[in-house]
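A.B. asks:
Number of protein chains: 2
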Amino acid sequence: MGVAVRNMLTREEKKGQTRAALMDAALELVGKGENFASISLREVAKNAGVVPTSFYRHFRDMEELGLNIVDELGMLLRKILRAARQQEDYVTNLTRRSLVIYTQFVLEHRSHFYFLCQCRTGGTPALRSGIRHELRYFANELASDMRQFGSVERIDREDLEQICEVIVGLVADTTIDLLDLQASHTGFQEEYVAQLQKKLRLVWLGAQSWRSDRSA
Amino acid sequence: MGVAVRNMLTREEKKGQTRAALMDAALELVGKGENFASISLREVAKNAGVVPTSFYRHFRDMEELGLNIVDELGMLLRKILRAARQQEDYVTNLTRRSLVIYTQFVLEHRSHFYFLCQCRTGGTPALRSGIRHELRYFANELASDMRQFGSVERIDREDLEQICEVIVGLVADTTIDLLDLQASHTGFQEEYVAQLQKKLRLVWLGAQSWRSDRSA
DNA sequence: CTTTTCAGTGTACAAGTGTTGACTCAAAAA
DNA sequence: TTTTTGAGTCAACACTTGTACACTGAAAAG
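Protein sequence lines correspond, in order, to chains H and S.
Numbering of the first sequence is given in numbering that gives the first Met the number 0, commencing with residue 0 and proceeding in unit increments.
Numbering of the second sequence is given in numbering that gives the first Met the number 0, commencing with residue 0 and proceeding in unit increments.
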């Protein structure tokens, strides 16, 4: 750097741009219903408006691209946490409105969450553990929030984290339903939230009568 | 039919035999870590010791083969139910030993359950809904057992079925963990059961304090 | 017996795959 | 200014993919 910027793009800006185009192209294909595992490097390159060999300037192979998508996904999840915490009544009403926020994020980033559903239990080992890692982080953050705001005195840290993993697993598990029922009827989003909330209440009830002594 | 059977195979026996060989070949590839979505017709045919074009005598395409695997999977699940019910203490001790039986079935049919994990949320719509259908059936059977043997008077039918779907989802969700930790150390199976049982206890506690009035 | 049926074979093709190496040519560095 | 760097291009490779078509030959039907 040193020369005046003009309105042209610097070299690494341009690089980052096509890099993003490649990732977006892959995600778009996933969003269209293709399975990430069966998407070819060439297909991605073509969709990004780039020659196949150019792919290698950015990723070793499709799996490495996938791992970068996982990172994006992690950032997205943290963004959801931030948004949820920003509610003024987050403390008292932890579930209901947070779920609405979650569903909004999901529907605004369909492709990312299709990817999540596909790879969480179906991807290569590396992708799987990457996603698992992000979800565990999410669950632990949730646990620390519940420790502050919820009434969970009788539950020790380890148990609470495990409970939150169950919750996160439940949410992730039902996400595919939300994605499938696309723009069919708009009222479905509320229906989905209600049904999911019901399941979460079950877990919550369980947590209420949980004692960390005499359990393991 | 009419001629003496000799020790040769009849035509449709032989047909069913290669048909099974094709399905087994696909499952074997899944068990080796390949994703079902990216397995080719030719690969399956070669692995089954059959020429590619012969595939079409049995299945229109890989998806149709997949749907037949789903059927096999359904039969397997029903076999698990039968085995679990055959325990003399099934009534009182519904969870613990049933889980052991489940894990045994999983480890004896690794490929089928890899397939399950891959396709439950990551497969094509048809495969997904097929698997979902089988799991729902399983959950409903479980619900009817619980109605008979458990203390679930305060839970109406619909709620109980939903609770069982949560349980089944939880089990399915953790199955990938069981499969990943292969023959590494044998004691892991018990560890897995313990951890899963803990999660199920959480749901069970929740069910205990569930009231179907004032909930939806 | 003769005839029909049909699972499995062999060949062929057009299209797509990952990866190679040598090439441009503009931005960045000297 | 000149030199260097490196993202993107182009052409070519060896290989795999799904599918079509004509075939064989033994089991089943007549």
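C-beta: ideal position from N, C-alpha, C; glycine also.
Note that the structure is predicted; figures quoted are calculated from it, not measured.
Looking at chain H, is there any beta carbon in it that lies within less than 7 Å of the beta carbon of L201 (chain S)?
C.D. replies: Yes, contact with chain H.
A.B. asks: Of all Cβ atoms in chain H, is any one closer than 7 Å to the Cβ of L195 (chain S)?
C.D. replies: False, the Cβ-Cβ gap to chain H never drops below 7 Å.
A.B. asks: Please list the terminal residues of the continuous alpha helix (DSSP H) segment that includes S143 (chain H).
C.D. replies: Unbroken alpha helix (DSSP H) run through S143 (chain H): 124 to 148.
A.B. asks: Just the C-alpha distance for Y136 (chain H) and L66 (chain H), rounded to the nearest angstrom, thanks.
C.D. replies: So the two alpha carbons sit approximately 16 Å from each other.
A.B. asks: Nearest to T123 (chain H) by CA position, among H:D158, H:V167, H:Q85, H:L64, is which residue?
C.D. replies: Answer by Cα proximity: H:L64.
A.B. asks: Decide if K221 (chain S) is buried, meaning its Cβ has at least 16 other Cβ atoms within 10 Å, or exposed.
C.D. replies: With chain S covering 0 to 215 only, the question about residue 221 (chain S) has no answer from this structure.
A.B. asks: Please say whether C116 (chain H) and T185 (chain H) have beta carbons closer to each other than 7 Å?
C.D. replies: The answer is no: Cβ separation not under 7 Å.
A.B. asks: For S150 (chain H) and V167 (chain H), what's the separation of their Cα atoms in angstroms?
C.D. replies: Rounded to whole angstroms, S150 (chain H) to V167 (chain H) spans 19 Å at the Cα level.
A.B. asks: Are the beta-carbon atoms belonging to E165 (chain H) and K197 (chain S) less than 7 Å from one another?
C.D. replies: Reading the sequence as shown, one finds Val at residue 165 (chain H) and not Glu. No, Cβ-Cβ distance for V165 (chain H) and K197 (chain S) is not below 7 Å.
A.B. asks: Which chain S residues are close to Q161 (chain H), counting only those with a beta carbon under 9 Å from its beta carbon?
C.D. replies: Chain S residues near Q161 (chain H): Q194, K197, K198, L201.
A.B. asks: Find out if the Cβ-Cβ distance for the pair Y113 (chain S), L178 (chain S) is shorter than 7 Å.
C.D. replies: Contact: yes.
A.B. asks: Going along the chain, which residues of the region 34 to 47 of chain S sit with their C-beta nearer than 7 Å to a C-beta in chain H?
C.D. replies: Answer set for the region 34 to 47 of chain S: N34, A36, S37.
A.B. asks: Quick one, are the C-beta atoms of S39 (chain S) and L204 (chain H) less than 7 Å apart?
C.D. replies: Cβ distance not < 7 Å, so S39 (chain S) and L204 (chain H) don't count as in contact.
A.B. asks: I believe V192 (chain S) touches L98 (chain S) by the beta-carbon criterion, under 8 Å. Please report the beta-carbon distance rounded to the nearest angstrom.
C.D. replies: The pair is a contact, with the Cβ atoms about 5 Å apart (cut-off 8 Å).
A.B. asks: Roughly how many angstroms lie between the CA atoms of L141 (chain H) and V49 (chain S), to the nearest whole one?
C.D. replies: Going from the Cα of L141 (chain H) to the Cα of V49 (chain S) covers about 53 Å.
A.B. asks: Just curious, the alpha helix (DSSP H) that Q207 (chain H) is in, first and last residue?
C.D. replies: Element bounds for Q207 (chain H): 187 to 207.
A.B. asks: Between the alpha carbons of R5 (chain H) and K13 (chain H), how many angstroms are there, rounded?
C.D. replies: Residue confidence is low: R5 (chain H) scores 36 on pLDDT, short of 50, so the model does not pin down where it sits. No coordinate-derived value is stated.
A.B. asks: Give the DSSP-derived three-state secondary structure of E33 (chain S) in the structure shown.
C.D. replies: E33 (chain S) falls in the coil class under three-state DSSP.
A.B. asks: Quick one: Cα of G1 (chain H) to Cα of R127 (chain S), how far?
C.D. replies: Residue confidence for G1 (chain H) is low, a pLDDT of 33 falling below 50, so the modelled location carries little weight; the figure read from the coordinates is stated next. In a straight line, the C-alpha of G1 (chain H) is about 55 Å away from that of R127 (chain S).
A.B. asks: Going along the chain, which residues of its own chain have a beta-carbon closer than 7 Å to the beta-carbon of E27 (chain S), five neighbours each way excluded?
C.D. replies: The residues are N46, S110.
A.B. asks: In chain order, what residues of the region 105 to 138 of chain S put their CB closer than 8 Å to some CB of chain H?
C.D. replies: Result list: C116, Q117, C118, R119, T120, G121, G122, T123, P124, R127.
A.B. asks: For A215 (chain H), count neighbouring Cβ atoms within 10 angstroms of its own Cβ and tell me buried if that reaches 16, exposed if not.
C.D. replies: Residue confidence is low: A215 (chain H) scores 48 on pLDDT, short of 50, so the model does not pin down where it sits. Its coordinate-derived value is still stated next. Looking at its Cβ environment, which holds fewer than 16 other Cβ atoms inside 10 Å, A215 (chain H) is exposed.
A.B. asks: Does L66 (chain S) get closer than 7 Å to chain H when you measure Cβ to Cβ?
C.D. replies: Chain H, which has no Cβ nearer than 7 Å to the Cβ of L66 (chain S), makes this no.
A.B. asks: Would a check of beta-carbon distances place L75 (chain H) closer than 7 Å to chain S?
C.D. replies: Taking Cβ atoms only, chain S never reaches closer than 7 Å to L75 (chain H), which makes this a no.
A.B. asks: Considering only the alpha carbon of each residue, which of S:R95, S:E87, S:L76, S:L134 lies closest to H108 (chain S)?
C.D. replies: The shortest Cα separation from H108 (chain S) among S:R95, S:E87, S:L76, S:L134 belongs to S:L76.
A.B. asks: Against chain S, with Cβ distances strictly below 7 Å, would S150 (chain H) count as a contact?
C.D. replies: No, no contact with chain S.
A.B. asks: Apart from the five residues on each side of it in sequence, which residues of its chain come closer than 8 Å, Cβ to Cβ, to Q16 (chain H)?
C.D. replies: The residues are L8.
A.B. asks: Can you tell which of H:M145, H:C118, H:A24, H:Y55 has its C-alpha closest to the C-alpha of L134 (chain H)?
C.D. replies: It is H:C118 whose Cα lies nearest to the Cα of L134 (chain H).
A.B. asks: Is the beta carbon of S211 (chain H) less than 7 Å from the beta carbon of I154 (chain H)?
C.D. replies: Taking 7 Å as the Cβ cut-off, S211 (chain H) and I154 (chain H) qualify as a contacting pair.
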